[in-house]
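So the protein sequences, as listed, match chains A and B.
Count along the first sequence from 1, add 473, and you get the number used in this note's numbering.
Count along the second sequence from 1, add 31, and you get the number used in this note's numbering.
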Amino acid sequence: MLGLWPLQGHRGRPTGPLVRLAYTFNDMSKPHKPAKVPAAGSPTPPRPELVRAERLRVGYGTKPVCGEIAFTLREAEAIALVGPNGAGKSTVLKTVVGQLGAISGKTHIRGQEADDRRLDFRREVAMVFDDDAFFPALTVEEHLAIVAAGHGSTAVEALIDAELDFFGLSEERAALPHNLSSGQRRRMLLAAAFVRPRSLLVLDEPEQRLDTGMRARLAARLRDQVDGGLGLLLVTHDPAFLSAVATRAIFVDDEVKKMTPAQAALAISSENPHAH
Amino acid sequence: MTVAPQSPEASGPPPPPVSAPAALSAKEIRRYTFKVGLARSEGGIGELISEIYTYVFGAVVLVVMSGAIIVGLRHSLGLGSEPVWTASALAPGFASLEPLQASATLMLTLAAALLSVQMNIGPIAMTVPQTFWWLGLPVRRRGFIEPGFFRSMIWPVAGSVAVVVPLSLGIGADNAPGPVALATLCGAALALLLYGIAGWVQITGGERWLRPLASAVTVVAPLSLVATALFNNAENTRVNMSWLQYLPTSWPLLVAAGQLWPLLVTGLALVVLAVVYANLERLSSASLKSSAVASAYVAGSVLSMDASELSRSLSNGARSGHSWIRLPLVFHQGSLTRRSVLTMLSAHLTMQLRQPSTLVRVAVLAAIPASLASVQFLGNATLIAVVLYFCAHFAVTGLGSVARFAAGNPSVDALMPLPAKTIRRVHFVLPAAGMTVWAILCFVLLFVLGVGSWPLIILAVLAGPGLGGATLRAAFRPTPDWNMPAVATAMGPVPTGAIRSFLIGPDLTLITLLPVLICLISGGVPPLAFPIQLALTLIAYAWGTRVRKPKKKGDGGIFGMPAVPAAR
């Protein structure tokens with residue numbers, strides 16, 4: 474993994490703060506701690522609340538782009554926002570995580586107002602929206618290293634290796650962003666969300682620019698992680714992805730409707746999404 | 032805390048635990064990013080120089096030749112032996128404005144422009160990738176934001192020094208270094224105060240009225256010079272504008288004149304900056320991202336010397352998304368070609384009219400040479416000519432927005448059932464007409480203020496369509512090659528291919544305007560100037576409307592000869 478660390482020290486051993494961090498945390502002996510599963514027969518306690526959106530009106534200026542929305546997302550839940558283009562799904566997503574101001578209503582994450590100026594917010598919430606930007610002179614793995622090490626992730630190198638492998642970027646690990654295809658850049662952004670700790674994952678159309686196989690593997694992995702306790706809030710137009718991942722769905726338009734994933738999948742498959 | 036278990040069919044590695052402590056500081060991450068970036072730079076400073084060498088050399092040759100022509104013309108016209116760079120271009124008896132009023136107006140304009148620009152680009156800015164990859168990290172953001180906060184101070188301070196020093200030397204009674212230094216200090220403090228105010232607005236997100244006010248002052252203030260000069264000469268009076276010097280923006284001028292109390296602004300600036308510095312971490316990600324995008328837009332506009340894009344990037348850009356301007360786009364009379372041409376023209380006019388602020392800026396640019404001429408000691412023909420050239424180029428790019436859109440979205444033009452050459456000629460029509468009107472406005476204003484003559488106005492009218500060609504050349508110039516080697520600079524790697532793009536565009540404006548500028552500086556218009564101007568306008572038209580053919584495989588020969596086959 475020496476290629477990850479461009480500043481080589483004595484005897485070829487890499488140096489620098491990120492390298493120190495990598496070597497400090499490069500201890501794979503720690504067992505992964507699984508989520509606690511309640512004993513069979515005992516009453517299931519309510520899972521901790523991650524996101525609470527109350528009477529939320531979103532838009533630009535004072536003009537709302539969709540109907541009023543309210544929902545609660547708990548750990549081990551995945552809510553999919555679906556709806557036609559321009560209905561305001563991404564705006565809802567950005568407002569929920571505090572990237573946009575709400576016209577009215579409130580959003581709380583872990584009981585506190587959504588505000589990414591707080592350290593604990595940034596520690597818990599990972600987001601991948603549809604925009605991207607890259608340091609032109611940093612390779613794929615160096616981008617990921619910034620995220621992993623910046624979050625104090627353990628075993629930085631191993632984490633990056635595993636994510637590059639999962640997202641099919643192992644051969645592009647030393648590539649600069651402008652040498653990547655659009656789909657590869659998308660994979661890199663998604664990988665960045667996985668090399669860091671997170672309780673809540675917010676994804677805006679994660680299926681975008683991904684091939685069918687990658688979509689299926691990503692969906693399966695997200696479902697695994699949701700089962701393990703992750704909270705997932707996503708926007709998607711892909712019925713298969715939605716069915717595989719979501720535990721609940723919200724149809725966003727002038728009128729906001731709560732749906733089952735099956736209903737939502739049918740709605741976005743249909744030519745007339747208002748039919749349901 | 033949530034930790035996902037690894038299920039038997041797990042399709043990926045498990046997530047790291049949320050509670051892991053952040054091990055790196057913002058400063059360490061920042062340094063790492065920069066070191067890696069600089070380590071990968073491939074080019075050298077020599078490549079930058081070789082990029083600009085041809086253009087700089089060509090410009091120097093052009094200036095020397097023009098100078099020789101001007102001197103020769105002045106001798107042949109019998110305009111005396113006074114050097115052209117000191118000769119006044121004003122008509123005898125013209126009552127110029129006092130330098131103090133001009134300086135105060137200039138300071139007010141620049142202060143308003145500075146505040147407006149600072150508020151629109153942040154002023155505390157990071158780059159877009161930095162906001163994207165750094166702001167989500169759970170480390171104290173101060174380490175990321177502070178460098179941008181301090182670095183962004185350089186520009187207002189440098190700008191204030193560049194403006195206040197020459198003004199102080201002009202205003203001060205004895206040009207002593209002491210008052211000039213104090214005035215410069217006052218100017219820098221004033222610039223930093225405005226920077227601090229803009230920073231506070233960025234942090235709090237309030238004071239929305241300040242932005243349109245600053246933009247309005249930027250447009251109105253320079254026009255007030257021309258209006259006052261015209262009024263003074265028409266009414267044979269002198270409007271008292273001495274109150275202008277007591278505006279806070281004029282305080283550096285008062286210091287240059289010997290007063291010390293305006294230096295209080297230094298303390299005020301320090302207080303405001305301290306408050307902003309203490310609140311840096313209150314900046315939201317959304318604010319930092321939007322200022323990063325705005326700064327990138329500004330940098331791109333500066334690099335392309337595109338005044339229209341630059342103005343748009345520096346203005347607030349808030350639009351309602353609706354326009355009351357509706358022109359017919361469907362025509363039923365005449366041939367298919369005629370109808371298509373009319374549709375294109377109507378669409379271009381609609382797009383242009385829906386940017387009223389651009390049109391206002393173009394009109395203001397036509398008045399700037401006249402406002403220079405209206406001020407005492409500044410009515411110098413060489414100075415006016417230089418400023419006129421830059422104003423013309425910025426107006427050219429201002430009227431090139433439609434063509435630029437077409438260059439960026441070629442599929443729109445491809446929808447029209449017209450040959451590429453015809454489409455390019457249709458693109459020529461509006462900029463040519465617009466620049467002809469601009470030239471008339473500019474030179475008539477100068478003429479009213481006593482600069483130039485009717486033949487010079489006619490010469491400018493002949494140059495107008497040529498400037499339309501320059502508009503197309505600037506709009507349809509080839510995009511920079513971002514794959515060329517990057518050069519390591521303090522600001523990060525700079526691709527050398529971008530330099531070429533920076534230098535293409537103003538050239539045809541200069542070539543087209545050359546006879547007009549030479550005659551303006553010389554003080555007379557010889558008959559030979561008209562055919563020369565007409566020829567240059569035709570050349571500019573041909574150059575501007577030329578459609579580049581894509582290179583074919585096997586091309587590469589010179590002077591029409593076939594390419595040399597590759598050696599075995």
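Where a beta carbon is used, it is the ideal one built from N, C-alpha and C, also for glycine.
Keep in mind that this is a model prediction, so the values were computed, not measured.
Length of the line joining the Cα atoms of residue i and residue j
| i | j | result |
| --- | --- | --- |
| SER191 of chain B | LEU145 of chain B | 10 Å |
| PRO507 of chain A | GLY236 of chain B | A caution first: PRO507 of chain A carries a pLDDT of 38, below 50, which makes its placement in the model unreliable, though a value can still be read off. When rounded, the distance between both Cα atoms is 44 Å. |
| VAL250 of chain B | ARG392 of chain B | 8 Å |
| CYS217 of chain B | VAL196 of chain B | 11 Å |
| GLY465 of chain B | GLY499 of chain B | 8 Å |
| THR381 of chain B | VAL457 of chain B | 14 Å |
| GLU266 of chain B | THR467 of chain B | 31 Å |
| SER255 of chain B | ARG583 of chain A | 57 Å |
| VAL629 of chain A | ILE723 of chain A | 36 Å |
| PRO178 of chain B | MET184 of chain B | 10 Å |
| ARG313 of chain B | PRO160 of chain B | 20 Å |
| PRO557 of chain B | LEU487 of chain B | 10 Å |
| VAL307 of chain B | LEU663 of chain A | 35 Å |
| GLN736 of chain A | VAL329 of chain B | 47 Å |
| LEU311 of chain B | ARG173 of chain B | 7 Å |
| GLY497 of chain B | LEU55 of chain B | 59 Å |
| ALA57 of chain B | LEU739 of chain A | 46 Å |
| ALA438 of chain B | ARG579 of chain B | 12 Å |
| ASP538 of chain B | GLY555 of chain B | 24 Å |
| THR64 of chain B | ALA553 of chain A | 35 Å |
| VAL729 of chain A | PHE639 of chain A | 36 Å |
| THR293 of chain B | GLY209 of chain B | The amino acid occupying residue 293 of chain B in the given sequence is Pro; Thr does not appear at that position. Straight-line Cα distance between these residues: approximately 15 Å. |
| VAL531 of chain A | TYR226 of chain B | 32 Å |
Buried/exposed call for residue i, threshold 16 Cβ in 10 Å
| i | result |
| --- | --- |
| ALA647 of chain A | exposed |
| LEU475 of chain A | Note that LEU475 of chain A scores 32 on pLDDT, short of 50, meaning its location in the model is unreliable; the coordinates nonetheless yield the value given after this. It counts as exposed. |
| THR733 of chain A | exposed |
| GLU550 of chain A | buried |
| PHE180 of chain B | buried |
| HIS624 of chain A | buried |
| PRO450 of chain B | exposed |
| PHE714 of chain A | buried |
| GLY410 of chain B | buried |
| SER743 of chain A | exposed |
Cutoff 8 Å; reference residue i; Cβ partners in own chain excluding five residues on either side
| i | result |
| --- | --- |
| LEU139 of chain B | VAL248, ALA252, LEU275, LEU278, THR280 and SER281 |
| GLY483 of chain B | ALA120, PHE474, LEU477 and LEU551 |
| VAL194 of chain B | LEU137, MET138, LEU141 and GLY218 |
Beta-carbon contacts of residue i that lie in its chain and below 7 Å, excluding the five residues immediately before and after
| i | result |
| --- | --- |
| TRP165 of chain B | ILE60 and PHE175 |
| GLU129 of chain B | GLN407 |
| ASN263 of chain B | ALA126, ARG269 and VAL270 |
| ASP588 of chain A | GLY571 and PHE594 |
| PRO387 of chain B | none |
Chain C within 8 Å of residue i, Cβ atoms only
| i | result |
| --- | --- |
| ASP589 of chain A | Given the protein chain composition of this structure (A and B), no chain C is represented. |
Beta-carbon spacing of residue i, residue j below 8 Å
| i | j | result |
| --- | --- | --- |
| THR368 of chain B | VAL427 of chain B | no |
| SER199 of chain B | ALA220 of chain B | no |
| VAL417 of chain B | ALA491 of chain B | no |
| ARG528 of chain A | SER577 of chain A | yes |
| PHE544 of chain A | ALA560 of chain A | no |
| ALA506 of chain B | ARG455 of chain B | no |
| MET157 of chain B | ARG242 of chain B | no |
| SER316 of chain B | ILE152 of chain B | no |
| ALA397 of chain B | TRP469 of chain B | yes |
| GLU541 of chain A | GLY702 of chain A | no |
| VAL708 of chain A | ALA692 of chain A | no |
| VAL443 of chain B | HIS379 of chain B | no |
Proximal residues to residue i (C-beta, below 6 Å), its chain only, five neighbours per side dropped
| i | result |
| --- | --- |
| VAL524 of chain A | LEU546 and ILE582 |
| LEU384 of chain B | ILE356 |
| ALA143 of chain B | ALA245, VAL248 and THR249 |
Validate contact between the region 294 to 303 of chain B and the region 232 to 250 of chain B using beta carbons, cut 8 Å, 3 pairs: no
Segment contact flag, the region 668 to 675 of chain A with the region 593 to 612 of chain A, C-beta cutoff 8 Å, min 3 pairs: yes
The region 156 to 171 of chain B contacting the region 599 to 608 of chain A, beta-carbon criterion three pairs below 8 Å: yes
At least 3 beta-carbon pairs within less than 8 Å: the region 655 to 665 of chain A vs the region 679 to 693 of chain A: Output reads yes: the region 679 to 693 of chain A touches the region 655 to 665 of chain A.
Cβ contact (3+ pairs, closer than 8 Å) linking the region 609 to 620 of chain A and the region 633 to 640 of chain A: These segments touch.
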